[in-house]
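Undergrad: Heads up: the protein sequence lines correspond to chains E and A, in order. Under this note's numbering, the first residue of the first sequence is numbered 1, with each subsequent residue one higher. Under this note's numbering, the first residue of the second sequence is numbered 1001, with each subsequent residue one higher. Even for Gly, the Cβ is constructed at its ideal location relative to N, Cα and C.
2 protein chains.
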Amino acid sequence: MEAKQDKNNEEMLNAIINNQPPEEVLYEVAELFKVFGDSTRIRILYALFGNELCVGDIAEVLNMSQSSVSHQLRILKDAKLVKFRREGKSIFYALDDDHVYHIMEMGMEHVEE
Amino acid sequence: MEAKQDKNNEEMLNAIINNQPPEEVLYEVAELFKVFGDSTRIRILYALFGNELCVGDIAEVLNMSQSSVSHQLRILKDAKLVKFRREGKSIFYALDDDHVYHIMEMGMEHVEE
DNA sequence: CTAACATATGAGTTATTATTCATATGAACG
DNA sequence: CGTTCATATGAATAATAACTCATATGTTAG
Chain E
1 MEAKQDKNNE
11 EMLNAIINNQ
21 PPEEVLYEVA
31 ELFKVFGDST
41 RIRILYALFG
51 NELCVGDIAE
61 VLNMSQSSVS
71 HQLRILKDAK
81 LVKFRREGKS
91 IFYALDDDHV
101 YHIMEMGMEH
111 VEE
Chain A
1001 MEAKQDKNNE
1011 EMLNAIINNQ
1021 PPEEVLYEVA
1031 ELFKVFGDST
1041 RIRILYALFG
1051 NELCVGDIAE
1061 VLNMSQSSVS
1071 HQLRILKDAK
1081 LVKFRREGKS
1091 IFYALDDDHV
1101 YHIMEMGMEH
1111 VEE
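Set out below in structure tokens:
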């Protein structure tokens, strides 16, 4: 009885293991959320929610140093969560696409319960 | 001209600052995503996607130690991403609600592009 | 009650990462 | 061109957080 039970459980576990998304995809998903998982970056993203802002303005909105904002923008840029364009001396940042908005909204919803 | 421009920009920045969600909400959103932003926890969540598993089984699926799985389950539990019930000596974990599914699906979608 | 099993937890170590400071790059304008 | 303004970046430090190991808690079976 026990043995049979164990065998079934073993089979079930194997089924689950085989149905998992590939290791590397899971890793990428974690990396994606990791980018959202920092309060400075979240503040930047919400500052850009519907707005296009240059680095200095973002720093002013967040009341943080230009340098740390710039460092975090690079991470957001690498993750393709923000896009940017140059206009003279300034560089304007904006949220990259609808996915970013959706993920932010979903996070907000989960928190506001 | 410059001065007027600056004034408008200042007003715009103030408008943005005032429209930001409260500091503490942003902090919580970041904390939420931080929980999703670790590959061990993401692997646990996907193992639980549609399944109810006990700790030992999760450890087997992930091929990790019982201890580290348990530590991460505590974090998932604190964040209300998983729920659990006891059955005899075992404790079975499952995803807590639809939000969790949605957030995971959204992350997956963003990655698979 | 005690042995055996499943899970949880605390302390310690190591790895990761955000911020600061100093400086580099790059564009505009006289 | 060279100066100024806006942004980016490298190195160093400081703060977080994951994993391991040992052990504690809690449940069931005998």
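1. Could you say which of E:L76, E:K83, E:I58 lies nearest to N1014 of chain A if we only look at CA atoms?
2. Just curious, the beta strand (DSSP E) that E31 of chain E is in, first and last residue?
3. Please classify I42 of chain E as buried or exposed, where buried requires at least 16 other C-beta atoms within 10 Å of its C-beta.
4. Exposed or buried, M1116 of chain A, counting other C-beta atoms within 10 Å across all chains shown (16 or more means buried)?
5. With K1089 of chain A as the anchor, note down where its beta strand (DSSP E) starts and where it stops.
6. Using 10 angstroms around the beta-carbon of G37 of chain E, count the other beta-carbons present and answer buried if the total reaches 16, otherwise exposed.
7. Between A1079 of chain A and L1032 of chain A, is the Cβ-Cβ spacing less than 8 angstroms?
8. With respect to the alpha helix (DSSP H) encompassing L1045 of chain A, which residues constitute its N-terminal and C-terminal limits?
9. Using the C-alpha atoms, what's the distance from Q1020 of chain A back to H102 of chain E?
10. Which residues of chain A have a Cβ atom closer than 9 angstroms to the Cβ of I103 of chain E, listed in chain order?
11. Could you name the residues of the same chain whose beta carbon sits closer than 6 angstroms to that of T40 of chain E, not counting the 5 residues immediately before and after it, in chain order?
12. Looking only at DSSP bridge pairs, what is K83 of chain E linked to?
13. Do we get a CB-CB distance below 8 angstroms when we pair D98 of chain E with the residues of chain A?
14. Nearest by alpha-carbon distance to E23 of chain E: which of A:I1044, A:F1092, A:V1100, A:F1084 is it?
15. Can you tell me the Cα-Cα spacing of H88 of chain E and V1035 of chain A, whole angstroms?
16. Just curious, the alpha helix (DSSP H) that Q1020 of chain A is in, first and last residue?
17. Which residue's Cα is closest to the Cα of D1098 of chain A: E:F92, E:H110, E:N18?
18. Using the beta-carbon count (16 or more within 10 Å), is I16 of chain E buried or exposed?
TA: The short version:
1. Counting from one through the second sequence, the residue named residue 1014 of chain A turns up at place 14. Ranking E:L76, E:K83, E:I58 by Cα distance to N1014 of chain A puts E:I58 first.
2. Walking along the first sequence from the start, residue 31 of chain E turns up at place 31. Looking at the DSSP string, E31 of chain E is not in any beta strand (DSSP E); the run it does join, the alpha helix (DSSP H), is 23-36.
3. Within the first sequence, the letter at position 42 stands for residue 42 of chain E. Classification for I42 of chain E: buried.
4. Because chain A here runs from 1001 to 1113, residue 1116 of chain A falls outside it and cannot be looked at.
5. Residue mapping note: residue 1089 of chain A aligns to position 89 of the second sequence, counting from 1. From DSSP, K1089 of chain A is part of no beta strand (DSSP E); its letter is neither H nor E.
6. In the first sequence, counting from the first residue as 1, residue 37 of chain E sits at position 37. Classification for G37 of chain E: buried.
7. Numbered from its first residue, the second sequence carries residue 1079 of chain A at position 79. Numbered from its first residue, the second sequence carries residue 1032 of chain A at position 32. Result yes, Cβ atoms of A1079 of chain A and L1032 of chain A sit closer than 8 angstroms.
8. Translated into positions along the second sequence, residue 1045 of chain A becomes position 45. Per DSSP, L1045 of chain A belongs to the alpha helix (DSSP H) from 1039-1047.
9. Locating residue 102 of chain E in the first sequence gives position 102, counting from the first residue. Locating residue 1020 of chain A in the second sequence gives position 20, counting from the first residue. Taking the straight line joining both Cα atoms gives about 17 angstroms.
10. Sequence index remark: in the first sequence, residue 103 of chain E carries index 103 (1-based). Neighbours of I103 of chain E on chain A, chain order: F1033, I1103, M1106, G1107, H1110.
11. Looking up residue 40 of chain E in the first sequence gives position 40. Hits under 6 angstroms: Q72.
12. Against the first sequence, residue 83 of chain E aligns to sequence position 83. Paired residues: E:A94.
13. What you label residue 98 of chain E is simply residue 98 of the first sequence in a count that begins at 1. No - not a single Cβ of chain A is within 8 angstroms of the one on D98 of chain E.
14. Position 23 of the first sequence, counted from the start, is the residue given in the question as residue 23 of chain E. Ranking A:I1044, A:F1092, A:V1100, A:F1084 by Cα distance to E23 of chain E puts A:I1044 first.
15. The sequence position of residue 88 of chain E within the first sequence is 88, counting from 1. The sequence position of residue 1035 of chain A within the second sequence is 35, counting from 1. In the sequence on display, residue 88 of chain E carries Gly and not His. Rounded to the nearest angstrom, the two C-alpha atoms are 40 angstroms apart.
16. What you label residue 1020 of chain A is simply residue 20 of the second sequence in a count that begins at 1. Where Q1020 of chain A is concerned, there is no enclosing alpha helix (DSSP H), given that its DSSP letter is neither H nor E.
17. Here residue 1098 of chain A corresponds to residue number 98 of the second sequence, with the count starting at 1. Selected option, being the one with the closest Cα: E:H110.
18. The residue you call residue 16 of chain E lines up with position 16 of the first sequence. The residue is buried, with at least 16 neighbouring Cβ atoms inside 10 Å.
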